[in-house]
Amino acid sequence: MPRTFIGIKIPNEISEKIIRFLKEKSISKLPNLKTVEQENLHITLKFLGEVEEEKIQEIIEDLSSISFSIFKVEVKNIGVFPSVDYPRVIWIGAISSEIYELKKILDRALKKLKFEEEKNFVSHITIGRVKNGNPSAKIKELMKENISFGEFFVNEFILFESVLTPSGPIYKNIKEFKLKAKT
557 MPRTFIGIKI PNEISEKIIR FLKEKSISKL PNLKTVEQEN LHITLKFLGE VEEEKIQEII
617 EDLSSISFSI FKVEVKNIGV FPSVDYPRVI WIGAISSEIY ELKKILDRAL KKLKFEEEKN
677 FVSHITIGRV KNGNPSAKIK ELMKENISFG EFFVNEFILF ESVLTPSGPI YKNIKEFKLK
737 AKT
């Protein structure tokens, strides 16, 4: 069964700034942190998990019925899950009220297919995962900075398949869903 999620790809000009930042701040060299590859940087709107092949077509049909306008996302600042003292995921904020609106619409569209609503959604781009140990001193320092990576327009969301490999996940587009131009 394919492992799936719905997300937004990060454009190259933003992802390049993120990767450059990780190198400049030596984040990518922290021994207990695995950073995300540039081509895998994305905003997860909804993790669906392992889904039967037959159900994928139903998901595509439900997502195809969504009508939503192109919107802007500001990419800035560093955050962590679950806490600053015990970070497991390091992320950059993806700031946009429209992301939360789109997320609600996705949740409603997929509710009849028995996908749970995520209550505490935080719009973000994962940049690293802590394997063991705690890089919190370096991360706390970075969280104090006001760092901007720019902004971009979201013109589509994507149903992805996540193929897990020993060298890390590979994300494959199953289907893109275009957003409409603002009128």
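FYI, our numbering numbers position 118 of the sequence shown as 674, with every residue one higher than the one before it. Beta carbons are placed, not taken as given, at the ideal position from N, Cα and C, and that holds for glycine. It should be emphasised that the depicted structure is a prediction, and the values quoted were computed from it without experimental measurement.
Going by the beta-carbon positions, is the gap between Val592 and Ile655 smaller than 8 Å?
no
Beta-ladder partner(s) of Leu715, from DSSP
DSSP output for Leu715 lists Ile562, Lys731 as bridge partner(s).
Given a cut-off of 8 Å on the beta-carbon distance, is the pair Ile564 and Ile599 in contact?
Cβ distance < 8 Å, so Ile564 and Ile599 count as in contact.
Within 10 Å of its beta-carbon, does Phe709 have 16 or more other beta-carbons around it, so buried, or fewer, so exposed?
exposed
If you draw a straight line from the C-alpha of Asn688 to the C-alpha of Asn588, how long is it?
6 Å
Considering only residues of the same chain and omitting the five flanking positions on each side of Glu673, which have a CB-CB separation below 8 Å?
Asp663, Lys667
Can you tell me whether DSSP reads Ala650 as helix, strand or coil?
strand
Span of the alpha helix (DSSP H) holding Glu569?
568-580
Ser623, buried or exposed, once every other Cβ within 10 Å from all chains shown has been counted against 16
Exposed: under 16 other Cβ atoms inside 10 Å.
Going by the beta-carbon positions, is the gap between Ile730 and Ile570 smaller than 8 Å?
no
Option in Leu669, Ile626, Gly635 with minimal Cα separation from Leu735:
Ile626
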